[in-house]
Amino acid sequence: MQKLGTALSNMVMPNIGAFIAWGLITALFIKEGWLQAIFTGLQDPDGWVAKIGGWGAYDGAGIVGPMITYLLPILIGYTGGRMIHGNRGAVVGAIATIGVVTGADVPMFMGAMIMGPLGGWLMKKADALWEGKVRPGFEMLIDNFSAGILGMFLAIFGFFGIGPIVSSFTRVAGNAVDFLVENDLLPLTSILIEPAKVLFLNNAINHGVLTPLGTTQALETGKSILFLLEANPGPGLGLLLAYMVFGRGIARASAPGAAIIQFFGGIHEIYFPYVLMKPKLIIATILGGMTGVFINVLFGSGLRAPAAPGSIIAVYAQTASGSYLGVTLSVVGAAAVSFAVASLLLKTDRSTDEPDLAAATAGMESLKGKKSSVASVLVGGDTAVLAGPINTIVFACDAGMGSSAMGASVLRRKVHKAGFGEIKVTNSAISNLTDTYDLVVSHRDLTDRARQKTPSAAHVSVEDFMSSPRYDEIVEQLEQTNGGGTAPAAPAEEPAVEEVEQSEGGVDVLALDSIVLNGSARTAADAISEAGQLLVAAGAVDPAYVDAMHARERSISTYMGNGLAIPHGTNEAKDTIRRTGLSFVRYTEPIDWNGKPAEFVVGIAGAGKDHMALLTKIAQVFLKSEDVARLREAQTADEIRALLTGGDK
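1 is the number of the first residue of the sequence shown in UniProt numbering; add one for each residue after it.
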């Protein structure tokens, strides 16, 4: 659903400017428009107002009808095709879209969202069939005719097939909306829309359903309430105001800035972490959203076109004449109810722990699938601003034997791939840090300790060690502070894997007896014990080390991301390690690792640094989805060991 919503959004959002232009032209020139209200004498259908706006929806007069009938759907289809296969896909997508546009009696936004990507995909597959097989001199002929012929068939298919189907669906959905309005049930849609926003499913609902239906409704009546179901900034504003009054810690301190960005900037995602911190607050936004919808239904208010982004400025710019009072009251009412309910929930909250905004923000980015452009406003110091050139980066953790080594390996790979091969990326236990590093990366729960040891360094906090969006931010800032990267260089501090496949005593670091293909544990605690007992059985650690692994997990999670957890002991337990050793356990049913799914558990006991290169190799394996798939399918311990150590060529 998130991928679908993203795809729909990517087709619509680049063309929002065209929607705004259509909305403004509509607001000015239709019968109920601003100019008609001002120049009441210009009622003549042959007048210039009528010629620009047109009184009929599909009579071909004016600009309003042709824009919504042809321009907007074709732009969406063109963009959808381009997303799949560049300019050739865009052209075929536009041709395919004109078929559904002319074969329907309603604006074909949904049809464009189908035919545009379909045209691009089919063109991409067709080009692949004769790639490298066309004789020199015939490329342009083949390219042009193939696009034209495919576009012709898709236009015909859209006219006779997709167009009527989508028209029927649009009418059914429109009737459903009319039923909700007539029976005063439309406010209930907030029960779906508000949670969907926090889960980043709003694009699938807003751009896939509400915008097409709302545009059709606006064409007929001059406005639509559907444009306000998701875009109303009131519920989020009320929630943030409640945090300003009754919140604690960084959540309270950051709420004012977030409120400004949400209300005036229209970036609603900035309040999502505040809900994720305390999920019961979704009740406040639902009730606030229902209040806003109810007021708009009561006053019959609506917008002429989509308000994107959901800023109060964009909302007022698209408000239909005669709807300003209703829209204003809907925003104020939604904010007031959301504030009242959120305040009650925050004030009566018996939790004594300060809400973890950084963790909630990381969770939001995980749901979104990429870093958030506004996350730094919420987490403040978690995203460092590098003041000068960076020469040394250290990834610090509690013990320095597992998490930091994996994180440093991933970050090193990104930094060097970006062309900054001269930058040294290492790992260390926090207790061994010295104030000689330019940048320190650590788990969010350890950043304060790391900052005490290295006060002059810049600090970045992460949670997901394997795929944290903070790594990309570091690379972006290196491009600003260190200048453009040169050719990538291999990290000199990483020894070859063959050098560390055995410990100093000549014993395998990862023995075949320490590899289990089907683990028996069902909880994270049992999985830690299972991995730890393998280390005990291999003679790598004393039994007391397993207790230290549990203690480490209670303080800081060892979940790395991408289905991997690497439990290991605390720094104080190093005297219980006899020699370096690793264990590997695979689980058919993923283990719930503090809310994250762990399929693979690697137990670690590091007596020195002779396991670091092997951890580096393991990190590289888990960065590639195809290698992770091979780990899932491996049938023997030998296959697992070969994959993890690089012996499988």
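Here a beta-carbon is modelled for each residue, glycine too, at the ideal position from N, C-alpha and C.
Asked                                                                                                                                                                                 : Found
Straight-line CA distance for D513 to E626?                                                                                                                                           : 25 Å
State buried or exposed for W130, treating a residue as buried only when at least 16 other CB atoms are found within 10 Å of its CB.                                                  : exposed
Quick check for students: name the residue ranges of the alpha helix (DSSP H) that lie wholly in the region 613-647, counting only runs of 4 or more.                                 : 625-633, 637-645
With a threshold of 6 Å on Cβ separation, who are the neighbours of A605 within its own chain once the five nearest residues in sequence on each side are excluded?                   : L535, A540, V541, I577, G581
I believe V621 touches G519 by the beta-carbon criterion, under 8 Å. Please report the beta-carbon distance rounded to the nearest angstrom.                                          : Actually they do not touch by this definition, with Cβ atoms about 18 Å apart.
Measuring CA to CA, which of G322, K125, D547 is closest to G222?                                                                                                                     : G322
Using alpha carbons as the reference points, say which of A418, E639, A336, I156 lies closest to T516.                                                                                : The sequence given here places Val at residue 516; Thr does not occur at that position. Among A418, E639, A336, I156, the Cα nearest to that of V516 is on E639.
Could you tell me which residues DSSP puts in a beta bridge with Y559?                                                                                                                : A565
So if DSSP puts A551 in a beta bridge, which residue, or which two residues, is it bridged to?                                                                                        : A551 pairs with nothing; no bridge assigned.
Among the residues of its own chain, which have a CB less than 7 Å from the CB of A307, if the five just before and after it don't count?                                             : F227, A231, A314, V315, Q318
Return the first residue and the last residue of the alpha helix (DSSP H) that F153 is part of.                                                                                       : 139-157
For the ligand PLP, is there any heavy atom lying closer than 8 Å to the beta carbon of T26?                                                                                          : The ligand PLP is not among the ligands present in this structure, which contains no ligands whatsoever.
Express the C-alpha separation of E599 and residue 663 in angstroms, rounding to a whole number.                                                                                      : Nothing about residue 663 can be reported from this structure: the residues present for the chain run from 1 to 649 only.
For the region 336-352 against the region 232-240, do three or more pairs of beta-carbon atoms, one drawn from each stretch, fall closer than 8 Å, so that the two count as touching? : yes
Measure the CB-CB distance between F465 and G333 and report whether it falls below 9 Å.                                                                                               : no
With a cut-off of 8 Å on the beta carbons, I'd call K424 and T392 a contact; round off their distance for me.                                                                         : 5 Å
Does the beta-carbon distance from I270 to I282 come in below 9 Å?                                                                                                                    : no
With H, G and I counted as helix, E and B as strand and the rest as coil, what does DSSP make of N183?                                                                                : coil
Pick from N183, I225, L229, T170: whose alpha carbon is nearest that of A196?                                                                                                         : L229
Quick check on N15: does DSSP put it in helix, strand or coil?                                                                                                                        : helix
By how many angstroms is the C-alpha of P389 removed from the C-alpha of V460?                                                                                                        : 16 Å
Going by alpha carbons, who is nearest to V12 out of T69, V297, Y78, E220?                                                                                                            : Y78
From the DSSP output, in three-state form, read off L534 for me.                                                                                                                      : helix
Nearest-angstrom Cα distance between I618 and L180?                                                                                                                                   : 55 Å
Once DSSP output is grouped into helix, strand and coil, what is the label at I250?                                                                                                   : helix
Note down the Cα distance separating F109 from A525, rounded to an integer number of angstroms.                                                                                       : 51 Å
For the beta strand (DSSP E) that V268 lies in, which residues bound it at each end?                                                                                                  : Val is not the amino acid found at residue 268; the sequence shown has His there. Careful: H268 lies outside any beta strand (DSSP E) and carries neither H nor E.
What residue range is occupied by the uninterrupted alpha helix (DSSP H) comprising I76?                                                                                              : 72-102
So, is P279 buried or exposed, given that buried needs 16 or more other C-beta atoms within 10 angstroms?                                                                             : exposed
Mind checking which residues open and close the beta strand (DSSP E) that includes V601?                                                                                              : 596-605
Please state the DSSP three-state secondary structure of I423.                                                                                                                        : coil
Tell me V441's beta-bridge partners as DSSP assigns them.                                                                                                                             : F395, V460
Here's the rule I'm using: 16 or more other beta-carbon atoms within 10 Å means buried, otherwise exposed. How should A634 be labelled?                                               : buried
Indicate whether F263 and S311 have their beta-carbon atoms separated by less than 9 Å.                                                                                               : yes
Does the region 428-440 come close enough to the region 546-558 to have 3 or more Cβ pairs within less than 8 Å?                                                                      : no
Rounded to the nearest angstrom, what separates R470 and R451 at their Cα positions?                                                                                                  : 17 Å
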